[in-house]
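Peer 1: Handing you a structure now.
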Amino acid sequence: MSSNIEKRIEELREEIRYHDYNYYILTEPKIPDEQYDKLYKELEKLESEYPELITPDSPTQRVGSDLTKEFKPVQHKIPMLSLSNTYSEDELFDFDRRVREGIGNIAEVEYIAELKIDGVSVSIRYENYNLVTAATRGDGTVGEEITNNVKTIRSVPLRLNKIKNSKYDLSKIEVRGEIFMEVEAFKKFNKDREEKGEKTFANPRNSTAGTLKLQDPKLVAQRPLDLFVYFLASENNQIETQSESLELIKQLGLKVNPNYKLCKNINEVLEFCKVWEEKREELPYEIDGVVVKVNSVKYQRNLGSIAKSPRWAVAYKFKAKQAETRLNKIFWQVGRTGTLTPVADLEPVFLAGSTISRATLHNIEEIERKDIREGDYVIIEKGGDVIPKVV
C-alpha cells in the first residue's frame, strides 16, 4: 500500500473537519455543498478500498450501523448538579448576597451570565482529543450512555483541535452542554411527521429528548439536533475562570452560545437578564432564562454545593409566555386517582414553541373565581414554559 494513499486519506479528513467546523460551528461555509460532497465521497471510496485505514475519528464514522440494545449506566466523575431557580430581582440579589457572604463579604463578585437553552443536558468525554463517551444527566450521579447518538450531531466534533502553546493539558477532558433543536427545524420536522401520519412532538425539547432515546443512530442522524457547550473540566489541571473555560471550549472546536457576558457585578447580570427576556423571541432556539455563575473557579470551590445544587450558580427564570385565544368548550378529565379536573378546549394557538389546544382550569372554584365561560376569549400561559393554564 502506497504511503500516498495514507497521506491523501489524512488530508481529506483534515479538510472535511475544517469545513465541518466552518459550517456547523461558525456557520460560515467556505465551499459549496457540491464541493464538500465530492471530498466526502472521495474519502468514503478510499476507506472502503483500504478498510484497515479507517479510524474512529474519521468524519465517515459519525453514523454507526449497530443498533443500541440498551443504554448502559455511566457514573459521572463530577456530579451533574441541577440549578436552583430564581424568579425575581429580589431573589437574584439574595443569591448575590449569599455568594458575597460565602467568600468573605467582598463588595462585588464577577459573574458569567449565559442563556439557559431549553434542551437536554449531555456530558461528553474526550481522551487524546478523540470523543470517547457521551451520557445523559440522569439523576446527576449516574446517567445513560448515548455515545452513538451524540456522534451523529454534526456540531459535535469527533476529534478536537489541539491548542498551540496552551498552559493547560487538555488531552483528557469532560465537556457539558445542551442538545437542542432550533424552532424552525423543529416545525419542519414535525410537519414531515404529520404528513407521514406519525406522532408529532409537543415542543423542541420533547423532540430532542425523544430523539436521544432512539436505539438506531441512523434515525438520530436524520433529525436536526445541535449542541451548545458551556462547561469544561480537565483531569490534569484546574482552569481558573468560567470565562477562560468558554474561550478554551471555542478553541478546541466546540460550539459555544455567543450570547454570554462577563459581568462585574449583579446589577450587570440583571441588566443582561432583562435584555434577553425582551429579545428571546428573536432567537432561533428556545430559552427559558439565564444561568448566572460565579466566574472564579476558586470561589466556586469555596462556596461548594448543597444537596443537588451548587451555591455558586443559579437559574434566573423568565416570566411565563402568554397568548390570547378562544375557549370553545369546558370538559372534565378523570385523573389516575379518580379526581375530576376541568379542562379548557381552546382554539389552537402557538405559544412557547408548541401549539396549545387544551389548558387546565384546575377546579370549579377557579372557574367561578375567574368567571370563565365557553365562548370567552382567555389568556393562557405556560407555567415555567411547560404546563399551559388559563390565567
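Going by the numbering used here, the sequence shown opens with residue 1, and the numbers climb by one from there.
Glycine is no exception: its CB is placed at the ideal position from the N, C-alpha and C atoms.
Quantities reported herein were computed from a predicted structural model and do not represent experimental measurements.
Return yes when the Cβ of Thr-136 is within less than 9 angstroms of the Cβ of Glu-144, no when it is not.
Peer 2: Yes, Cβ-Cβ distance for Glu-144 and Thr-136 is below 9 angstroms.
Peer 1: What separation, rounded to the nearest whole angstrom, lies between the Cα atoms of Thr-355 and Val-391?
Peer 2: Taking the straight line joining both Cα atoms gives about 17 angstroms.
Peer 1: Taking only the alpha-carbon atoms, compute the straight-line gap between Arg-369 and Tyr-377 and give it to the nearest angstrom.
Peer 2: Distance between the alpha carbons of Arg-369 and Tyr-377: 16 angstroms.
Peer 1: When the Cα atoms are used, what is the spatial distance from Glu-91 to Asp-192?
Peer 2: In a straight line, the C-alpha of Glu-91 is about 43 angstroms away from that of Asp-192.
Peer 1: Assess, as a yes-or-no matter, whether the region 206–214 is touched by the region 309–317 under the definition of 3 or more beta carbon pairs within less than 8 angstroms.
Peer 2: No, the region 309–317 is not in contact with the region 206–214.
Peer 1: By the DSSP assignment, the alpha helix (DSSP H) with Ala-313 in it spans what residues?
Peer 2: Segment 313–317 is the beta strand (DSSP E) holding Ala-313; no alpha helix (DSSP H) there.
Peer 1: Mapping DSSP to helix, strand and coil, what is Ser-88?
Peer 2: If DSSP states are grouped into helix, strand and coil, Ser-88 belongs with coil.
Peer 1: For the putative contact between Leu-115 and Ile-266, defined by C-beta atoms under 8 angstroms, what is the C-beta separation to the nearest angstrom?
Peer 2: Contact doesn't hold; Cβ gap of about 18 angstroms is too wide.
Peer 1: My understanding is that Leu-43 touches Pro-29, with C-beta atoms under 8 angstroms, so please give their C-beta distance in whole angstroms.
Peer 2: Wrong, their Cβ atoms sit about 18 angstroms apart, outside the cutoff.
Peer 1: Which residues in the same chain have their Cβ closer than 6 angstroms to the Cβ of Asn-130, if we skip the five residues on either side of it in sequence?
Peer 2: Excluding sequence neighbours, Asn-130 sits near Asp-57 and Arg-159.
Peer 1: Just verifying my parser: in three-state terms, what is the DSSP assignment at Phe-406?
Peer 2: Look at the range of the chain in this structure, 1 to 391, and you will see that residue 406 is not part of it.
Peer 1: Is Thr-339 buried or exposed, if buried means 16 or more other CB atoms sit within 10 Å of its CB?
Peer 2: The residue in question, Thr-339, is exposed, as its Cβ has fewer than 16 Cβ neighbours within 10 Å.
Peer 1: From which residue to which residue does the beta strand (DSSP E) around Pro-204 run?
Peer 2: From DSSP, Pro-204 is part of no beta strand (DSSP E) but of the alpha helix (DSSP H) over 204–212.
Peer 1: Counting C-beta neighbours from all protein chains within 10 Å, is the total for Pro-204 16 or more, i.e. buried, or is it exposed?
Peer 2: Buried, because 16 or more other Cβ atoms sit within 10 Å of the Cβ of Pro-204.
Peer 1: Per DSSP, what kind of secondary structure is Thr-200 in: helix, strand or coil?
Peer 2: In the structure shown, Thr-200 sits in coil (DSSP, three-state: anything other than H, G, I, E or B).
Peer 1: Assign Ile-179 to one of three DSSP states: helix, strand, or coil.
Peer 2: It is a strand residue.
Peer 1: Could you check the C-alpha separation between Val-291 and Gln-238 for me, to the nearest Å?
Peer 2: Taking the straight line joining both Cα atoms gives about 22 angstroms.
Peer 1: Let me know the secondary structure DSSP gives Arg-97 once reduced to three states.
Peer 2: Reduced to three states, the DSSP call for Arg-97 is helix.
Peer 1: Hey, out of Ser-245, Phe-93 and Asn-236, whose CA is closest to Cys-273's CA?
Peer 2: Ranking the options by Cα distance to Cys-273, first place goes to Phe-93.
Peer 1: Taking the alpha carbon of Gly-253 as the reference point, which residue from Leu-83, Glu-14 and Lys-41 has its own alpha carbon closest?
Peer 2: Answer by Cα proximity: Glu-14.
Peer 1: Cα separation between Glu-10 and Gly-177?
Peer 2: Each residue's Cα considered, the two are about 29 angstroms apart.
Peer 1: Just to confirm my understanding: we take Val-150, look at its own chain, exclude 5 residues before and 5 after, and list those with CB closer than 7 angstroms. What are they?
Peer 2: Val-122, Ile-124, Ala-134 and Val-156, listed in sequence order.
Peer 1: According to the neighbour-count rule (16 or more other Cβ atoms, all chains shown, within 10 Å of its Cβ), is Arg-358 buried or exposed?
Peer 2: Result: exposed.
Peer 1: So, at 6 angstroms on beta carbons, what are the nonlocal neighbours of Gln-322 in its own chain, with the 5 sequence-adjacent residues on each side left out?
Peer 2: The residues are Ile-379 and Glu-381.
Peer 1: Within 9 angstroms of any Cβ in chain D, is that where the Cβ of Ser-48 sits?
Peer 2: In summary, chain D is missing from the structure at hand, where a single protein chain is found.
Peer 1: Measuring straight from C-alpha to C-alpha, what distance separates Tyr-18 and Asp-139?
Peer 2: Approximately 36 angstroms, taken between the alpha carbons.
Peer 1: Counting beta carbon pairs with one atom in the region 180–188 and one in the region 226–234, are three or more of them shorter than 8 angstroms?
Peer 2: These segments touch.
Peer 1: Is the CB-CB distance between Ser-166 and Leu-246 below 9 angstroms?
Peer 2: It is not a contact, given that the beta carbons lie outside the stated cut-off.
Peer 1: Just curious, the beta strand (DSSP E) that Gln-322 is in, first and last residue?
Peer 2: First-last of the beta strand (DSSP E) with Gln-322: 322–334.
Peer 1: Report, in whole angstroms, the separation of the C-beta atoms of Tyr-260 and Ala-113, which I expect to be a contact under 8 angstroms.
Peer 2: Yes, Tyr-260 and Ala-113 are in contact; Cβ-Cβ is about 6 angstroms, under 8 angstroms.
Peer 1: Compute the Euclidean distance between the alpha carbons of Phe-331 and Ile-31, then round it to the nearest angstrom.
Peer 2: About 57 angstroms.
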